[in-house]
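Below is one structure; the comments refer to it alone.
Residue numbers (my numbering), protein chains in the order written: chain A, 1 to 223; chain B, 1 to 338.
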């Protein structure tokens, strides 16, 4: 499990963030004292750091710069300061991402996932997901089944990817639309229906009939 | 300043002089002086008088006319205090001193208010940063405890967030100092961020989003610009019709500018009200329709921010058909060198 360190001085926010990250399959670490923050942060050996800027003793920008001198760990700056210049300063100090409070939670998750994926050395394998009946090749946007393969459009790929991630669970149409919006495909209900039909047809073409089941009034499930 | 007017003002000296001359003439007559002397004395005295008064007039005229010309040319009239010449007559000197002192005192006063305003803006910014923490925490709590009730609270919190953002930009829009940072940004990024900010209400209102041709680079402050686009999208949501709602966003590159179009098929604006939508506090007919609460700040603020960023903002609308907002980014071939 990936370890994410939350460096945030607001206790309540810290705890909620911890619960949220744990719910989403990460191990969340926190530090409670900030008088020796740089050493404390490094000691945790996290895979990713969520760093607030307004901290007691040392500010986040300085901490970010100091950590960068020693470690390449991905850092996401989380701040309530919202202007272009602060963002530039943070990125210059070596932060990988900049998120402003109150953040869109799904986007924060997406940024975490993106950074973790990038920092992994075996990133190439990550782009292929083996789903028993077929292999989803994300980087090429194709489904592979034995010798056969079929190309997917951007939206079809995103939908299938989401279903694969939630394999065995019922996924509602709203959830799919929400997911697509967060990855910047602003589709509506009708477009989803069209994309769903096309995706099913494509799956059928390579002999994967009825692999996506419709649960009336609830959503879809990938078997 | 005309000589006649000046003379009129100094009429009393002329009258006194003439009285003196008349008494002299009477004396000359009593002592039966030569006629030549009788003529020479008043003529020469009057001549000297007029020469003297003309010299005084000329001095004053050149000083005041010069002053008036400078004042006319000045954009900021109060700067006259810095440009006034030292005259060589007493009234002028007094005037100069008065103008200088008034100017100084006014400047002090203005600075006082500038400082108060700057201080207030700083406080607002600080306050906004502070309040974002409990908002972020509340949203986290909602995310961790999703129910119908918390979802509904979430909607309200989103509204609070929007109002807070408006306040922040309102504070920023009023300051003299430069508070933005222009760099090359992709329009797509700005639009996607604005749409994502309104994701919940767009999805809830079942609004169809049609984006095309938005992969264009413009020079602007992305935060400010996102706020502007965000306000316009929010208006489109707020003033949408019952069903089949659409928002179309696209950009057209022209020779010297990039025009971003944000079109909706909402309720539109009455013909007579279109020109007034950028006025502060103007809500119009739509603002009071069906319990919509309009503050009349959104578009006013957008216009103000656009002016500061040097981008254009125009609006077209037809009642019951929809509204089209155009954001015009000037594109200077000079800064576009790659």
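Quick reminder that beta carbons are idealized off the backbone N, C-alpha and C, glycines included.
Chain order gives the chain B residues near residue 80 (chain A) as 129, 132 and 133, where near means a beta carbon separation below 7 Å. Ranking B:299, B:221, B:143 and B:314 by CA distance to the CA of residue 166 (chain B) puts B:299 first. Secondary structure in the region 36-88 of chain A: the alpha helix (DSSP H) runs of 4 residues or longer, each lying completely within the stretch, are 37-43 and 60-70 in chain order. Residue state for residue 326 (chain B) is assigned as strand, using DSSP reduced to three classes.
Listed along chain B are 136, each with a C-beta nearer than 7 Å to that of residue 103 (chain A). If you ignore the 5 residues before and after residue 111 (chain A), its C-beta comes within less than 7 Å of the C-beta of 76, 97 and 99, all in its own chain and listed in chain order. Ranked by Cα distance from residue 4 (chain A), the options A:34, A:41 and A:82 are led by A:41. The distance from the Cβ of residue 74 (chain A) to that of residue 141 (chain A) is about 26 Å, inconsistent with a contact at the 8 Å cut-off.
Assignment of residue 32 (chain B) by DSSP, reduced to helix, strand and coil, places it in the coil class.
For residue 103 (chain B) and residue 82 (chain B), the gap between their C-alpha atoms comes out near 9 Å. The residue from A:46, A:45 and A:64 with its alpha-carbon nearest to that of residue 53 (chain A) is A:64.
When only Cα atoms are considered, residue 232 (chain B) and residue 262 (chain B) end up about 8 Å apart. In summary, the residues of the region 11-38 of chain A whose CB is separated from some CB of chain B by less than 8 Å are 12, 13, 16, 17, 19, 20 and 23, in the order they occur in the chain. For residue 259 (chain B), the enclosing beta strand (DSSP E) has its first and last residue at 257-264. Around the CB of residue 56 (chain A), fewer than 16 other CB atoms lie within 10 Å, so the residue is classed as exposed. Residues of the region 187-199 of chain A with a Cβ closer than 9 Å to any Cβ of chain B, in chain order: 187, 188, 189, 190 and 191. Taking a contact to require three or more Cβ pairs closer than 8 Å, the region 23-41 of chain B and the region 171-188 of chain A do not qualify as touching. Residues of the region 55-81 of chain A with a C-beta atom less than 8 Å from some C-beta of chain B are 80 and 81, listed in chain order.
Closest in alpha carbon position to residue 172 (chain B), among B:76, B:324 and B:302, is B:302.
Pairing residue 134 (chain A) with residue 208 (chain A) gives a Cβ-Cβ distance under 8 Å. Annotation: Cβ neighbours of residue 221 (chain B) in chain A (cutoff 7 Å, chain order): 84.
Under the three-state reduction of DSSP output, residue 217 (chain A) falls in the coil class, being neither helix nor strand.
Scanning chain A for C-beta atoms nearer than 7 Å to the C-beta of residue 141 (chain B) yields 16, reported in chain order.
Counting the other CB atoms within 10 Å of its CB gives residue 268 (chain B) a total of 16 or more, which places it among the buried residues. For residue 177 (chain A), the chain B residues whose Cβ falls inside 8 Å of its Cβ are 203, in order along the chain. Residue 49 (chain A) and residue 6 (chain A) have their alpha carbons spaced roughly 6 Å apart. Beta-bridge partners assigned by DSSP to residue 315 (chain B): B:325. Contacts with chain B (Cβ-Cβ distance below 9 Å) from the region 157-186 of chain A involve 174, 177, 178, 181, 182, 184 and 186, listed in chain order.
DSSP places residue 103 (chain A) outside any beta strand (DSSP E), giving it a letter other than H or E. Below the 8 Å Cβ cutoff, chain B contributes 196 as neighbours of residue 107 (chain A), in chain order. Contact residues of the region 160-186 of chain B toward chain A are 161, 168, 179, 180, 181 and 183 (C-beta to C-beta distance below 8 Å). For residue 30 (chain A), the enclosing beta strand (DSSP E) begins and ends at 27-30. For residue 201 (chain A), the enclosing alpha helix (DSSP H) stretches over residues 189-205.
Closer than 8 Å to the CB of residue 95 (chain B) there is not a single CB belonging to chain A. Residue 201 (chain B) and residue 255 (chain B) have their alpha carbons spaced roughly 36 Å apart.
Partner residues in a beta bridge of residue 123 (chain B), as assigned by DSSP, do not exist.
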